[in-house]
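Reviewing the structure listed below.
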Amino acid sequence: MKKSSFIHGVSIVAGIWGGLALIGAWLAGDKGTTLGFSQLHCFYDAIVLELISISAGVCAVYRRQLERES
4 MKKSSFIHGV SIVAGIWGGL ALIGAWLAGD KGTTLGFSQL HCFYDAIVLE
54 LISISAGVCA VYRRQLERES
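In terms of the numbering used here, the sequence shown has 14 at position 11, counting the first letter as 1, and numbering is strictly consecutive.
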């Protein structure tokens, strides 16, 4: 399996987890919790996971270009 395919999969999974964390934050409300996590914690998790997803996506595109040139 090529590295670009694996990194692309990581990007997709991190993006889905980030979306679920964002939905959890919205469901938690101002002072509530979702699965034991506060709303602020879920928002921070969503931000980090989406940044990882974007970074992995850019990395996958770059790796795919390198694999085509080889």
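Even glycine gets a Cβ: it sits at the ideal position worked out from N, Cα and C.
8 Å CB neighbourhood of residue i in its chain, flanking five on each side removed
i: residue 59; result: 10, 11, 13, 14, 17
i: residue 31; result: 37, 40, 41, 42, 45
Which of helix, strand or coil DSSP assigns to residue i
i: residue 14; result: helix
i: residue 41; result: strand
Close Cβ partners of residue i (< 7 Å) along its chain, the five nearest in sequence each way excluded
i: residue 33; result: 42
i: residue 67; result: 7
i: residue 5; result: 70
i: residue 48; result: 24
Residues of its chain near residue i, where Cβ-Cβ distance is below 6 Å and the 5 sequence neighbours each way are ignored
i: residue 27; result: 37, 45
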